């Protein structure tokens, strides 16, 4: 059923119901054929009524099985939607956790300040291009100005070789995000979206398949109902034919009696004379 498995109990009940229905219909047809051959058989008439009642009961059981099948499909659809939402939340939580871990590693990473090529600290007359303060300064490879590594107000994965101003100038635009040159952007293919669309398509196919099966079962039930009505009409016609035949037989017997009585009277008159 395209992913959905009907419960073993329900499947067995449906198969048993179909078998019982076939057996009951065959039994009904056999009794009806025998009744046509012998319309006066009262036991056959009772058996026919019993067979019709049995088919009606089986039809009601089939209706209950359809309701159970609908309930199982609703429960399956609900569980699939719940799993999709749960998986989406877990995936989002996993991505956020990874992002936080990366940010923490960048924040607590060891920062080593690189001093000027002379091997000594910058002279006091040198100041940071950002905060204008002196101290342990690093020389920018681009503009030659000095800067404090601590003046980079962003997480660092390695010791910067450019001052904050040069990094800002080299900022490039990727999509709707401004990304510095020392950062990389990972572009992901829409595989996850494609997977969700495939799951949605599978659910639609399951829904269509179940709807088609329900329609077939309903059509089968309608056909059986019509067949029962036709057989009932045939039975009524047989009964009418039987009553009509009995009436004709009575008329013939009555006519024979009427014809017979005058002959008897004439014979008696002749004997007396």
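Numbering (my numbering), first residue to last: 7 to 279. Glycine included, each C-beta is placed from N, C-alpha and C at the ideal position. Here the structure is a predicted model, which means the values were calculated and not measured.
- As the crow flies, the alpha-carbon of residue 245 is around 30 Å from that of residue 67.
- Scanning the stretch 10-45 from its first residue to its last, the whole alpha helix (DSSP H) runs of 4-plus residues come out as 14-43.
- Residue burial annotation: residue 153 is buried, with at least 16 other C-beta atoms found within 10 angstroms of its C-beta.
- For residue 24, the closest of 49, 72, 199 by C-alpha to C-alpha distance is 72.
- The stretch 200-212 makes no contact with the stretch 36-50; the number of CB pairs closer than 8 Å stays below 3.
- In this structure, residue 165 sits away from residue 173, with a CB-CB distance that is not shorter than 9 Å.
- Counting only the Cα atoms, residue 55 lies some 34 Å from residue 217.
- Per the Cβ contact rule, the stretch 89-99 is not in contact with the stretch 256-263 (fewer than 3 Cβ pairs under 8 Å).
- Burial of residue 158 is indicated by the presence of at least 16 other C-beta atoms within 10 angstroms of its C-beta.
- The residue from 50, 69, 171 with its alpha-carbon nearest to that of residue 220 is 69.
- Restricting attention to 198, 223, 57, the CA atom closest to the CA of residue 31 is found in 57.
- In the DSSP assignment, residue 174 falls within the unbroken alpha helix (DSSP H) covering 170-175.
- In the three-state reduction of the DSSP assignment, residue 140 falls in the coil class.
- In the same chain as residue 141, and ignoring 5 residues on each side of it, the C-beta atoms closer than 7 Å to its own belong to 154, in chain order.
- Taking the Cα of residue 63 as reference, the smallest distance to any Cα among 249, 231, 248 is reached at 231.
- Exclusion of the five residues before and after residue 53 leaves 37 as the residues of its chain whose Cβ lies within less than 8 Å of its Cβ.
- Under the DSSP definition of a beta bridge, residue 145 partners with 152.
- Contact between residue 143 and residue 134 holds, since their C-beta atoms are separated by about 6 Å, short of 8 Å.
- Here residue 27 is buried, its C-beta having at least 16 other C-beta atoms within 10 Å.
- With contacts defined by Cβ atoms closer than 9 Å, residue 213 and residue 83 form a contacting pair.
- Each of 33, 48, 74, 59 was checked against the Cα of residue 19, and the nearest Cα belongs to 74.
- Rounded to whole angstroms, the gap between the alpha carbons of residue 17 and residue 104 is 46 Å.
- If you compare the alpha carbons of 44, 241, 170 with that of residue 148, the shortest gap goes to 170.
- Per DSSP, reduced to three states, the secondary structure at residue 225 is helical.
- Excluding sequence positions up to five before and after residue 227, its CB lies within less than 8 Å of the CB of 65, 68, 69, all in the same chain and listed in chain order.
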